[in-house]
Amino acid sequence: MNTTSTIEISQSALDNNIKFLKEQFGPDIKLSSVVKGNAYGHGIEQFIPMVEKSGVHHFSVFSADEAWRVFDAAIAVPEVMIMGWLDKDEMRWAIENDVSFWIFDPERLDQALDLSKKLKRRSKIHLEIETGMNRTGLDDTELDYVIMKILDNKEYFILEGICTHYAGAESVANFVRINRQISKFNKSLKKINNLGLNPIMRHTACSAAAMNYPRTRMEMVRIGIMQYGFWPSVETLIQYYNGKIKKHDPLDRIISWKSKIMSLKKVDEGEFISYGTTYLATEEKRIAIIPVGYSHGYSRILSNKGRVLINRQRVAVIGMINMNMLIADVTSIPDVHLGDEVIIIGKQGSQEISVSSFSEISNQVNYELLARLPENIRRESVV
Ligand SMILES: *Cc1c(COP(=O)(O)O)cnc(C)c1O
Numbered sequence: 255m256n257t258t259s260t261i262e263i264s265q266s267a268l269d270n271n272i273k274f275l276k277e278q279f280g281p282d283i284k285l286s287s288v289v290k291g292n293a294y295g296h297g298i299e300q301f302i303p304m305v306e307k308s309g310v311h312h313f314s315v316f317s318a319d320e321a322w323r324v325f326d327a328a329i330a331v332p333e334v335m336i337m338g339w340l341d342k343d344e345m346r347w348a349i350e351n352d353v354s355f356w357i358f359d360p361e362r363l364d365q366a367l368d369l370s371k372k373l374k375r376r377s378k379i380h381l382e383i384e385t386g387m388n389r390t391g392l393d394d395t396e397l398d399y400v401i402m403k404i405l406d407n408k409e410y411f412i413l414e415g416i417c418t419h420y421a422g423a424e425s426v427a428n429f430v431r432i433n434r435q436i437s438k439f440n441k442s443l444k445k446i447n448n449l450g451l452n453p454i455m456r457h458t459a460c461s462a463a464a465m466n467y468p469r470t471r472m473e474m475v476r477i478g479i480m481q482y483g484f485w486p487s488v489e490t491l492i493q494y495y496n497g498k499i500k501k502h503d504p505l506d507r508i509i510s511w512k513s514k515i516m517s518l519k520k521v522d523e524g525e526f527i528s529y530g531t532t533y534l535a536t537e538e539k540r541i542a543i544i545p546v547g548y549s550h551g552y553s554r555i556l557s558n559k560g561r562v563l564i565n566r567q568r569v570a571v572i573g574m575i576n577m578n579m580l581i582a583d584v585t586s587i588p589d590v591h592l593g594d595e596v597i598i599i600g601k602q603g604s605q606e607i608s609v610s611s612f613s614e615i616s617n618q619v620n621y622e623l624l625a626r627l628p629e630n631i632r633r634e635s636v637v
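Basically the numbering used here = 1-based index in the sequence shown + 254.
So this is what it looks like as structure tokens:
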């Protein structure tokens, strides 16, 4: 266990976010909580029981190992959907445990059929349609094959869903592309229906699509980033504000990341700080060394750009981020001591550091920084 910093996850902030999302989508749309990437770095083991308390019981993961961890962590028996990777042994486990999985190529369907025959148990499947992202998904010819195969072997499958994923619904630059994807999806759905298959659910929307293109919500939405309290892009938040009198962010970040001052020192005017020459002290500086670096998930991109909170003040991260340490400029804080709390993400007094406030560079930094928070940092649930 790494003890140089601590991650806290707030139940009340999570309750707030889930309530907001459910109000947006209404009672008839199911919310699947996307918990791939160790629940976006929040920690599957901590996050699952908390989001169950907030009233969510369907989970989307990327791979079988994550599905397994969700099962282990859940209080009730969860519904779990694997959107990406599972090998043959894992598929057997999935079928035996009613874990559903996406079919995005014919070989995978053949494998599921094989196993279902052997196990005398149905495979719960979702057909992923290639609609224009050009990643995984069944193209037209593959879809024809898959439909016929399912029709010939109906007793071995539960066709739980038909789905797709959009290639950037968080940015208006992709408006035309997303609309094409929606049309393509509807066309494929019609074909499936006409040939006599009726998937139980249609689901296509991630957070951005669910907010920006309400018609993509269908029967279920797959919500990742917003349940953790982050908007997929500033554009998406601005679109939400559109026409609203009160421009108040309805989401609360649920994560706080804290550390402590490990060392303090004075640096003379004219000296460079940390590796190389990226930061020159243009006056006498007082600096705090904090035991968090890029090996703990604090990206080197934030060298000379990041901010942390110390004694309720927002101070600059100066010099290059090291593997295990970063340096903050505390010259402006009169009363600073070894062991003082340092907020890397989260609130202190009226100040807040959100992930994106140190990453205007790109919203993708939100996703990446969260997902790279190491599993061995201690995580705690708080009110
Ligand atoms: C990650 C992911 C989501 C959730 O995306 P957010 O932007 O975090 O809401 C939904 N669907 C698929 C296929 C995903 O990979």
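C-beta: ideal position from N, C-alpha, C; glycine also.
Separation of residue j from residue i, as counted between CA atoms
i       : j       : result
Ile-615 : Asn-558 : Legend: pLDDT at Ile-615 = 47, less than 50; position of this residue unreliable, no value from coordinates given.
Val-288 : Val-430 : 26 angstroms
Lys-290 : Asn-630 : 17 angstroms
Ser-425 : Glu-622 : 18 angstroms
Leu-580 : Asp-506 : 27 angstroms
Ser-553 : Ile-564 : 20 angstroms
Asp-352 : Arg-434 : 33 angstroms
Ser-286 : Gly-530 : 47 angstroms
Leu-392 : His-380 : 11 angstroms
Ala-427 : Thr-536 : 42 angstroms
Glu-320 : Glu-595 : 33 angstroms
Ile-412 : Met-402 : 15 angstroms
Gly-295 : Gly-600 : 15 angstroms
Ser-638 : Tyr-533 : Residue 638 lies beyond the stretch modelled for the chain, which goes from 255 to 637, so this question has no answer here.
Ile-329 : Ser-635 : 15 angstroms
Asp-398 : Glu-414 : 18 angstroms
Val-488 : Lys-284 : 25 angstroms
Ala-459 : Gln-493 : 17 angstroms
Thr-395 : Gln-605 : 55 angstroms
Ile-508 : Gln-265 : 7 angstroms
Glu-361 : Lys-342 : 11 angstroms
Val-305 : Met-387 : 30 angstroms
Tyr-420 : Tyr-467 : 11 angstroms
Pro-656 : Asn-576 : No answer is possible for residue 656: it lies beyond the span of the chain, which begins at 255 and ends at 637.
Arg-376 : Arg-346 : 11 angstroms
Phe-484 : Asn-271 : 10 angstroms
Which of helix, strand or coil DSSP assigns to residue i
i       : result
Leu-373 : helix
Met-345 : helix
Asn-256 : strand
Glu-537 : coil
Thr-532 : coil
Val-636 : strand
Phe-411 : strand
Phe-358 : coil
Phe-274 : helix
Ser-616 : Confidence is the limiting factor: at Ser-616 the pLDDT is only 49, short of 50, which leaves the residue's position unreliable and the question unanswerable from this model.
His-550 : helix
Trp-511 : strand
Glu-622 : helix
Val-584 : coil
Thr-395 : helix
Thr-458 : strand
Ala-328 : coil
Phe-484 : coil
Ser-437 : helix
Asp-269 : helix
Ala-570 : strand
Phe-316 : coil
Glu-606 : strand
For residue i, the nearest candidate out of the options (CA to CA)
i       : options                               : result
Ile-383 : Pro-453, Tyr-410 and Arg-375          : Pro-453
Ser-370 : Ile-404, Lys-441, Arg-561 and Ser-635 : Ile-404
Leu-363 : Gln-481, Tyr-410 and Gly-603          : Tyr-410
Lys-231 : Lys-519, Phe-439 and Ala-330          : Residue coverage of the chain in this structure runs from 255 to 637, which leaves residue 231 outside it and unanswerable.
Pro-269 : Gly-560, Tyr-482, Phe-355 and Tyr-494 : The residue you asked about is not Pro; residue 269 is Asp in the sequence shown. Ranking the options by Cα distance to Asp-269, first place goes to Tyr-482.
Arg-561 : Val-569, Met-455 and Leu-340          : Val-569
Trp-511 : Gly-547, Leu-491 and Ile-492          : Gly-547
Gly-573 : Pro-303, Lys-601, Phe-526 and Gly-386 : Phe-526
Met-212 : Ser-354, Ala-582 and Ala-327          : Because the chain is modelled from 255 through 637, residue 212 falls outside the range shown and cannot be assessed.
His-550 : Ser-487, Ala-582, Arg-632 and Gly-524 : Arg-632
Leu-451 : Pro-468, Pro-486, Pro-332 and Asn-407 : Asn-407
Ala-293 : Ala-327, Asp-583, Ala-348 and Glu-350 : Ala-327
Ile-263 : Val-584, Asn-576, Ile-575 and Ile-302 : Ile-302
Ile-515 : Ser-528, Gly-524, Ile-544 and Lys-441 : Ile-544
Lys-378 : Arg-469, Ala-366 and Ser-442          : Ala-366
Asp-359 : Glu-350, Asp-368 and Val-400          : Val-400
Ser-703 : Cys-417, Val-310 and Thr-490          : Summary: the structure shown does not reach residue 703, with the chain confined to residues 255 through 637, and so no result is reported for it.
query: Does the region 255 to 270 come within contact of the region 489 to 503, defined as at least 3 CB pairs closer than 8 angstroms?
result: With the cut-off at 8 angstroms, the region 255 to 270 and the region 489 to 503 do not touch.
- prompt: Just checking, does the region 476 to 485 make contact with the region 272 to 279 on the three C-beta pairs under 8 angstroms criterion?
  reply: With a cut-off of 8 angstroms, the region 272 to 279 and the region 476 to 485 count as touching, because enough Cβ pairs lie within range.
message: Taking 8 angstroms as the cut-off, does the region 439 to 457 touch the region 580 to 590 (at least 3 CB pairs, one atom from each stretch)?
response: Put simply, the region 580 to 590 does not touch the region 439 to 457. Fewer than three CB pairs are less than 8 angstroms apart.
message: Check whether the region 487 to 501 and the region 520 to 530 touch, using three or more Cβ-Cβ pairs below 8 angstroms as the test.
response: Here the region 487 to 501 makes no contact with the region 520 to 530; the two share fewer than three CB pairs at distances below 8 angstroms.
message: Three or more C-beta pairs under 8 angstroms: does that hold for the region 334 to 351 against the region 302 to 316?
response: With a cut-off of 8 angstroms, the region 302 to 316 and the region 334 to 351 count as touching, because enough Cβ pairs lie within range.
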